[in-house]
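From first to last, the protein sequence lines are chains A and B. By this note's numbering, the letter at position 522 of the first sequence is numbered 525, and the numbering carries on one by one without gaps. By this note's numbering, the letter at position 156 of the second sequence is numbered 161, and the numbering carries on one by one without gaps. Okay, so here's the structure we're looking at.
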Amino acid sequence: MTTPAVKSQNTKAKIIGEHILEIVSDSGEGAQKCGQSFASISAKMGNGVWTVEIIPAEIQPPARTREGASGIRVRVGSKKITNMGNEADLLVAFNEQVPYSRIVQNAYREGTVMLLESKWATHSSEEVKEKYASAVEDFKRQGIDVREIPMEVECLKLVKNPRKGKNMWVLGMLSHVYQRDLSRAEEQVRYVFKKKKDEVIEANLGLLRAGYQWASDHLDLIYEIPVLPTEEKLVVMNGNEAIGMGVLAAGIEVVSMYPITPATSASHYLADVLDRAGGVVHQAEDEIAAIGFAIGASYAGKTAITITSGPGIALKTEFIGLAAMAEVPLVIVDVQRGGPSTGLPTKVEQGDLLAVLYGQPGDSPKVVLAASTIEECFQFIVLARKLAETFRIPVFVLTDANLATGQQPFPRPKAEKDWFSPPIDQSPWKEGVKPFDWNMETGLSRRPIPGQAGGIYTLTGLAHDENGIVSYNPDNNQKTSELRSKKLATIKKTLNPPVIHGEESGDLLIVSWGSTLGAIEEAVDQAIALDAKVSTLHLRFLSPMEPGLKEIFKRFKKVLAIEINYSDDAKAPYVDEENRRYSQLAWILRAQTLVDIDSFSNVKGQPLQPKIILAKIKEELNIK
Amino acid sequence: MFGLKLDMACEIPDKYYSLEDYEKAEPRWCPGCGDHSVLTNIQKLCREKQLDPAKTVFVSGIGCSSRFPHYMKTYGFHGLHGRAFPVASGIKFRRPDLDVFVITGDGDCCSIGAGAWVHAIRYNINMTVMLFNNEIYGLTKNQTSPTSRVGTKSNTSPRGSILPPINPLQTTLGVANVSFVAQTVDWNPAHLYATLNAAHEHKGFSFVHIVQRCPVFQPDLVDEFTSGKDAFHLIKNENGIVLDEKAEKTFKNSVEHDHTDINAARHLAEHENGKFYLGLLYQNKEAQCYDDYGAHNLGFTAEQKMSVLNEELDKRAI
């Protein structure tokens, strides 16, 4: 067995601004729990963090396979971290096969330190031993700094089955490498296992301390990531938990869902907590029933929410049209994943934008918001309920698999009373007011709730007049379609033009939406440091669009949409200007502004690395 | 009756609702359609029970019978094809004060809405459900329905349908947590009324299968139904649906049946030898009602909700 270099007693901590580490293992070995704990400890110490989970689609795929890799990336720094960054600086691998699933994603570079479980080197199977040896050689050829670590051997000194517990030993090791406060780490272990028996907690604490001690005795790696002092109170959670907390903050009382990756964990959280907050989670029999139930609850006076992902949106289409047609307030969350069809269930994509905007037959106006940070996952649910009720319209909140499992600290929200939904209005309906008393300029109308005397009407998905009576009158259908559409124009009048990141004019403007915000701004800042005349604009409202876009676009020589969805490469065979299929935001912006907007996108199921964006900016601006 | 509660005859409600208070637009169903008779009896039931129109909601899917809510002067929800059950469930879930009725047809319930139907039975949310089964698609102009008999000629089976029909009673009686199953016919007002009344009284998902005539696309069945008195057997049980003597005389045949015995109910549901058993097939007053759970934590104030939010935020504070 190879032993790592013995740490000299006076190894000095290397002070760094930030580091990216990954932990990869077979499913069920707890790499994510280890990484999340590390991120929480780091955040609590005052570091900026961003996590990205690496999740296989299966629960327990075959062990030691490249496709079965399960793990987590944690980017930790002195300053606020907004994205997953480029290649990892340090990797912990529980076997030699799982790193390959990340190597194909360009997750590592020359010099990346790999802390590799060494037990495979002495495995009873010749095949395993050979695979291990050849992989180690291969990693070294690629310039990876491989350190073989006897994780299992060390864990066996404390527990019988290191498969459960090795992750906490690794947490201990990493806590030393990154000079984490051991008492905070212990506190975290107690929190993670709070529902377990004392023996379990003690065993894991033992492993944590052993890992910490082992690293102190044997590893010559010590990093220090200084903390910037801050007075601000922060909270840390992932995007799906933030959605759940947004539901609490909006006072929403009915969550109607059907299990779907990667959205379900929002409902898991709510199923645990909403009961105490005066609400109920309903697990429906299918996606269609989930939204139907939510619409029923909304119609009866309490705006409901349904939380899903792309395939669920496809199934809910008809009900979305009904909510738009019959003007039922509703909040729909789409945690986007790779599509079409079942696609890449656990991976990120921003592929649902057009489906959400235009998925229904006929004209079906709705509000579409896109969260770009964990904090916005929280805030936009509160905003969505209010918009839905004020404008009597379905409101979408788009997030994605990257935000869903990513953790990032943000300022602790200060709850305000008017965030919470009011009680159901049961006062008598004002005499003479029709159930659709549209304001002809804004399209807005008040809505009677069952139980309100004098407000009786029959809601219908058929064309109807201001009394809710079915009407096939041609002028009525024209008029009511206009009124429903006007609501979007009205909302638009309340919005401010988006804030440009960078100069107000220049050679290149990048336009984007959703979870790519941090990576794009980081790349743009790096390019600006190289004197590039590049700026970026990030949209939160996709329907209606924020105002003033055309005027902004005109101030730049070129406008480029960057997003995570499919677009044709302009240089591909047979692709020309007339048949090129652009990325989704680019399509809409081209149509709305008549500006010749280009697109740069891919569907690799990964968040965009700032490096790739920087390279694209350099290519566009001929920067060497 | 007449707006007076018999046990406290002095307490006269502010408002007495007459039939007109429940009548809205003139129905646009075909002459001779069984839907008219159900509408009349439902309006009568509303008046007899003095249901507050503002607290009453009629929910339907799509189809001829699903126009029903437009003809009731109550709150209504005329939604999507096959989706009345999820909507009605969502309405009732947190509104125990509302009286919910569901109108669905054989295509709406047994075909496109079959999934939602099965689960609605299991949820057992308190609502009165009427399945108008005329064994044909009417609104879309004469297509075979999943309840059409073998040999039914229609625009989609011009040489006669070949698959055996779904029996909605058997299906309903086969689902876990079923709590109320009854069968009636549109052309016997006394029996229809008594059945709807019993369904409305039951707390839970009260499923009423209405054997119904479509004079336009199933004219042969109209004769068979109305002249074939031998086929219709009245279910008798003093704790079930009880008719007065006059109404009972409209039935030539009857059978004693224990509606707490699900196996006996399933046997009656079989329509063995072409026999239809009318009345209460099955009732379980103890079945779990999902809306009891749905309404278990109503009325939280903003302050109460805010304190839970703050607790949760504190758990994630760093």
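Where a beta carbon is used, it is the ideal one built from N, C-alpha and C, also for glycine.
Only exposed fits Val-203/A, as fewer than 16 other CB atoms lie within 10 angstroms of its CB.
For Lys-60/B, the C-beta contacts it makes with chain A under 8 Å involve Pro-453, Gly-454, in order along the chain. A distance below 7 Å between beta-carbons, with the five flanking residues on each side excluded, links Val-257/A to the following residues of its chain, in chain order: Gly-282, Val-283, His-285, Ala-297, Ala-300, Lys-305, Ala-307. Looking only at Val-131/A, Leu-118/A, Ile-494/A, His-271/A, the smallest Cα-Cα distance to Met-260/A is reached by His-271/A.
Residue nearest to Val-55/A within the set Asn-241/A, Lys-437/A, Ile-396/A is Asn-241/A (criterion: CA-CA distance). Within chain B, the residues whose beta carbon sits less than 8 Å from that of Val-276/A are Val-313, Glu-317, listed in sequence order. DSSP links Val-95/A through a beta bridge to Ile-26/A, Leu-118/A. DSSP places Gly-457/A outside both helix and strand once states are collapsed to three, so it counts as coil.
At a cut-off of 8 Å between beta-carbon atoms, Val-238/A makes contact with chain B. Beta-bridge partners of Leu-237/A (DSSP): Pro-414/A. Not a single C-beta of chain A is nearer than 8 Å to the C-beta of Lys-241/B.
Around the beta carbon of Val-502/A, fewer than 16 other beta carbons lie within 10 angstroms, which makes this residue exposed. For Ala-292/B, not one C-beta of chain A is nearer than 8 Å to its own C-beta. Residues Phe-82, Ala-89, Val-92, Ala-93, Val-107 of the same chain have their beta carbon placed closer than 6 Å to that of Val-64/B, with the five preceding and five following residues left out of the count. Bounds of the alpha helix (DSSP H) holding Lys-496/A are 477-496. When the beta-carbon positions are compared, Leu-94/A and Leu-185/A stay at least 8 Å from each other. With respect to the 8 Å criterion, Pro-173/B and Asn-138/B are classified as neighbours on the basis of their beta carbons. Pro-74, His-75, Lys-78, Thr-79, Tyr-80, Gly-81, Phe-82, His-83, Gly-84, Leu-85, Arg-88, Pro-91, Val-92, Ala-93, Ser-94, Gly-95, Ile-96, Phe-98, Arg-99, Arg-100, Asp-102, Leu-103: these are the residues of the region 73-103 of chain B whose beta carbon lies less than 7 Å from some beta carbon of chain A, given in chain order. With respect to chain B, the C-beta atom of Tyr-215/A has no partner C-beta closer than 8 Å.
A distance of 8 Å or more separates the beta carbons of Pro-550/A and Pro-477/A. For Thr-393/A, no Cβ of chain B is located within less than 8 Å of the residue's own Cβ. Checking the DSSP bridge columns, you'll see Glu-56/A partnered with Ile-75/A. When rounded, the separation of the alpha-carbon atoms in Lys-417/A and Glu-140/A is 54 Å. At the C-beta level, Asp-113/B and Ile-67/B come within 8 Å of one another. For the pair Asp-102/B and Thr-393/A, the Cα-to-Cα distance works out to about 25 Å. Annotation: the region 523-556 of chain A contains the following complete segments of the alpha helix (DSSP H) (minimum length 4 residues), in chain order: 552-556.
Among the CB atoms of chain B, one or more fall inside 8 Å of the CB of Leu-325/A.
In summary, Arg-100/B is buried, with 16 or more beta-carbon neighbours lying within 10 Å of its beta-carbon over all protein chains present. Of the residues Cys-51/B, Gly-245/B, Ser-232/B, Ile-267/B, the one whose Cα lies closest to the Cα of Val-180/B is Ile-267/B. Around the beta carbon of Leu-533/A, a 10 Å sphere encloses fewer than 16 other beta carbons of the protein chains shown; the residue is thus reported as exposed.
Around the beta carbon of Lys-169/A, 16 or more other beta carbons lie within 10 angstroms, which makes this residue buried.
Residue environment analysis places Ala-303/A among the buried positions, since at least 16 neighbouring C-beta atoms fall within 10 angstroms of its C-beta. Along the region 409-423 of chain A, going in chain order, the ones with a CB nearer than 9 Å to a CB of chain B are Pro-412, Arg-415, Pro-416, Ala-418, Glu-419, Lys-420, Asp-421, Trp-422, Phe-423.
Judged by their CB atoms, Pro-265/A and Arg-193/A are not nearer to each other than the 8 Å cut-off. Across the structure, Arg-52/B and Asp-263/B are spaced so that their CA atoms are roughly 30 Å apart. Under the DSSP assignment, Trp-432/A falls outside any beta strand (DSSP E); it carries neither an H nor an E label.
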